[in-house]
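Trainee: Quick one: this structure, given as structure tokens, is what I'll be asking you about.
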DNA sequence: AATGAGGCCTGGTTGC
DNA sequence: TGCAACCAGGCCTCAT
């Protein structure tokens, strides 16, 4: 559920609350939450102590805190929220959350940063910053992730070309984070609906104009969602203060099976897709005659 | 090489 | 009523 808009809401919250603060102590309550830190939980905690947060950045659905050099060189705490990860800014006296995985305390004795994650698909890890192909520096595991549509250097035509080079269905291509990042199941369905395209359309038969249309729609819908504070279906996605977003009220098709298409009134359909679901309007988004399987 | 399927997780919901 | 099956789904690993 946390896709680009939700992660950006969290990034902004962290920029407001942890930037320029110095970490004193880190405790890992569940080792799975730091499994991508190969040196282990103790190493993770030890390396963070004494470091100062100098930046809060994001690419696609990845989020990271830049750390000052210290004795380790400049690197970053990388966070992925997975399905149910939350970054909460919490006063020390607040009771621990049921699924609290990592707690970060700061030298100023101000609010803690807590990583809470029911399903533990997400996690934290520490990585060196490496030069990125298109300029700038990124945490190592993010190097293969494409720029997202809110990146000032995002190249729409290059992304369209990337999609059209794939030999798959359009929705699969939209979800491929190495082509364009930040789009998940919700915003893929909403972008396809806005551009009146079916997700099973083979990418080799997508025109450049259609490619630009669907990516522009994705950019627009994610921008709308960001302004609404993100999409929350339940308490699993919240901002750093624990508040939900309200873009779920504006979804045209995602999760809206049998409800009327906001454009033409035809009941929204649900179709199986990669062991999950896709939502679309049967009239606005006719299934292609030769769909990609 | 590129594509696609399977596995990882937990809690809420559905169905028998 | 109680329990099992199912569902949510991003991303990594592995097979083809």
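Numbering (our numbering), first residue to last: 1 to 293. The C-beta atom is built at its ideal place from N, Cα and C for all residues, glycine as well.
1. Do you know offhand how far residue 76's Cα is from residue 220's?
2. Since residue 67 is in the alpha helix (DSSP H), which residue starts that stretch and which ends it?
3. CB residue 138 to CB residue 126, shorter than 8 Å?
4. Spell out a yes or no on whether the stretch 182-201 and the stretch 157-170 are touching, meaning 3 or more CB-CB pairs, one atom from each, closer than 8 Å.
5. Is it true that the CB of residue 79 sits closer than 8 Å to the CB of residue 19?
6. My assumption, with CB atoms under 8 Å, is that residue 9 sits in contact with residue 245. Please give the rounded CB distance.
7. To the nearest angstrom, how far is it from the Cα of residue 11 to the Cα of residue 284?
8. Under DSSP, the beta strand (DSSP E) around residue 5 begins and ends at which residues?
9. Could you check what DSSP says for residue 50 in three-state terms: helix, strand or coil?
10. In its own chain, which residues sit with a C-beta less than 6 Å from the C-beta of residue 259, not counting the 5 before and 5 after it?
11. Which parts of the stretch 162-200 are runs of the alpha helix (DSSP H), unbroken and 4 residues or longer, counting only runs that do not cross its ends?
12. Give me, in chain order, the residues of the same chain whose beta-carbon lies closer than 8 Å to that of residue 270; leave out the 5 immediate sequence neighbours on both sides.
13. Pull up the distance between the alpha-carbon of residue 47 and that of residue 2, whole angstroms please.
14. Taking buried to mean at least 16 other C-beta atoms within 10 Å of its own C-beta, is residue 281 buried or exposed?
Mentor: Reading it off the structure:
1. 30 Å
2. Unbroken run through residue 67 is the beta strand (DSSP E), 62-67; no alpha helix (DSSP H).
3. no
4. yes
5. no
6. 7 Å
7. 35 Å
8. No beta strand (DSSP E) holds residue 5; the alpha helix (DSSP H) holding it covers 4-17.
9. coil
10. 268
11. 170-175 and 185-194
12. 257, 277, 278 and 279
13. 28 Å
14. buried
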